Structure formats: structure tokens, C-alpha cells
Amino acid sequence: MDSRHNDPNSSVYSNRNLAPLSPYLNFDPSYLQASQPEFIFPEGASRQRGRFELAFSTIGGSCMVGGGVGGVVGFVQGLKDTSLAGQTGKLQRTQLLNYVMKHGARSANTLGTVAVMYSAFGVGLHWLRETEDELNTLAAATTTGLLYKSTSGMKSCLRGGAAGLALGLAYCAFTSKDKMLNWSSN
3 MDSRHNDPNS
13 SVYSNRNLAP
23 LSPYLNFDPS
33 YLQASQPEFI
43 FPEGASRQRG
53 RFELAFSTIG
63 GSCMVGGGVG
73 GVVGFVQGLK
83 DTSLAGQTGK
93 LQRTQLLNYV
103 MKHGARSANT
113 LGTVAVMYSA
123 FGVGLHWLRE
133 TEDELNTLAA
143 ATTTGLLYKS
153 TSGMKSCLRG
163 GAAGLALGLA
173 YCAFTSKDKM
183 LNWSSN
């Protein structure tokens, strides 16, 4: 028998369009069907993650984005302030680190707090209404803005609610544009 028949990289295999054997598991991967779901769901469960499961990634992502943006803002502010003060060397590096950490932590806490409030309102509305739609998103965003700014007075509270509503509308417009197009064409 020719040695080409035992070599998975030979032209004999490529001409027959067969996948080579997996060197790790010693089986032909073409036997696996790609049409099956990638994850196993409990019987009767939804095929997508619910609002509660998404809350964790929303909160964590908000904290990380807030920390990153705040760190960059702190670095830029620190560069301006240390150069105006004429600081150099170790003193400047220490001050830059202080600026980065202070601004990063502040914005991470702010965005994390807003994300916790939004997620709590969203999960609560989903539980109360037993449905997940754009109304929950808009109500959760507006209520979050109202509550976050509620200690600053009525005008500030209303501005926070309006900002939350605007962000909720922008999010719904971005994620539900196919529904909006279908609705407007009818």
C-alpha cells in the first residue's frame, strides 16, 4: 500500500473532501452535527438568557468601562496638572497614578451604581409584568435616572429621568430597528 494513504496531509484526503482525524480525540470531526444547539438547556427553558442573567454582565461591563474611561480622563488631567505644577520624575509618576486611580474608581463606581439600579428595575419590571419588551427597558432607564438624581432636587431629578429616557430610547432604537421598520411599513 502506498504511504500517501496513511498521511492525512496528502492529496488523497484533500481530493475526497474529508476532514482529517483529530489528533487529540482520534475521531473524524465531520461526524459532529453543527445543526444541534451548542448549549444544553433545561426542558421548558428559554433559548436565550433572561434579564437577570444579563444583569451580571451589564454591571461588570459598566464597571470596567467606567474604570477605563475614568482612568484615561485621570491620566490626561494628571498630565496637565503635573506639567503646570512643574513636577517631574517620581513625584510626577506618583501624582499621575493618583489621578488615574481616583478618576477610574470614581467613574467605575458611578457607572456600576447606575447599572445595578437599571438591572434591579429591569428585573423587577420583568417579574411584575411577566414579559420582556421595550417598555420594560424604557421604564427601567427612566426610573434609574430619576432615582440616581433624586437627592439633588426636583429639577435635577427630572433631568436625570429625561436623560435615562433618552438613553433608553436610543438603546431601543438601536436594538429594535427591525421591529420599527416593520411597524412603520404597515
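Residue numbering for the sequence shown follows my numbering, starting at 3 and increasing by one per position.
Backbone N, C-alpha and C define an ideal beta-carbon position, used for all residues, glycine too.
It should be emphasised that the depicted structure is a prediction, and the values quoted were computed from it without experimental measurement.
Return helix, strand or coil for THR151, following the three-state DSSP convention.
As a first step, residue 151 must be located in the sequence shown, where it is residue number 149. Residue identity differs from the one stated: residue 151 is Lys in this sequence, not Thr. DSSP places LYS151 in coil when its eight states are reduced to three.
Which stretch, first to last residue, makes up the alpha helix (DSSP H) that contains THR96?
On the sequence shown, position 94 is the one that residue 96 refers to. Taken as a continuous stretch (DSSP letters only), the alpha helix (DSSP H) holding THR96 covers 91-131.
Does DSSP put GLU136 in a helix, in a strand, or in coil?
One-based indexing of the sequence shown puts residue 136 at position 134. Helix.
With a threshold of 6 angstroms on Cβ separation, who are the neighbours of GLN79 within its own chain once the five nearest residues in sequence on each side are excluded?
If you number the sequence shown from 1, residue 79 lands on position 77. Excluding residues within five positions, the ones whose Cβ falls inside 6 angstroms are TYR101.
Give me the residue from ASP180, GLY170, LYS179 with the minimum Cα distance to PHE123.
Here residue 123 refers to the residue found at position 121 of the sequence shown. Out of ASP180, GLY170, LYS179, GLY170 has the C-alpha closest to the C-alpha of PHE123.
Pick helix, strand or coil for SER178, following the three-state DSSP scheme.
Numbered from its first residue, the sequence shown carries residue 178 at position 176. It is coil, neither helix nor strand.
May I ask which residues mark the beginning and end of the alpha helix (DSSP H) holding GLY76?
Counting from one through the sequence shown, the residue named residue 76 turns up at place 74. Bounds of the alpha helix (DSSP H) holding GLY76 are 53-87.
Cβ neighbour criterion (16 or more within 10 Å) applied to LYS151
By 1-based counting over the sequence shown, the position of residue 151 is 149. The residue in question, LYS151, is buried, as its Cβ has 16 or more Cβ neighbours within 10 Å.
Touching by the beta-carbon criterion (3+ pairs, under 8 angstroms), the region 61-68 and the region 108-118
Touching, yes, given that three or more Cβ pairs across the two stretches are closer than 8 angstroms.
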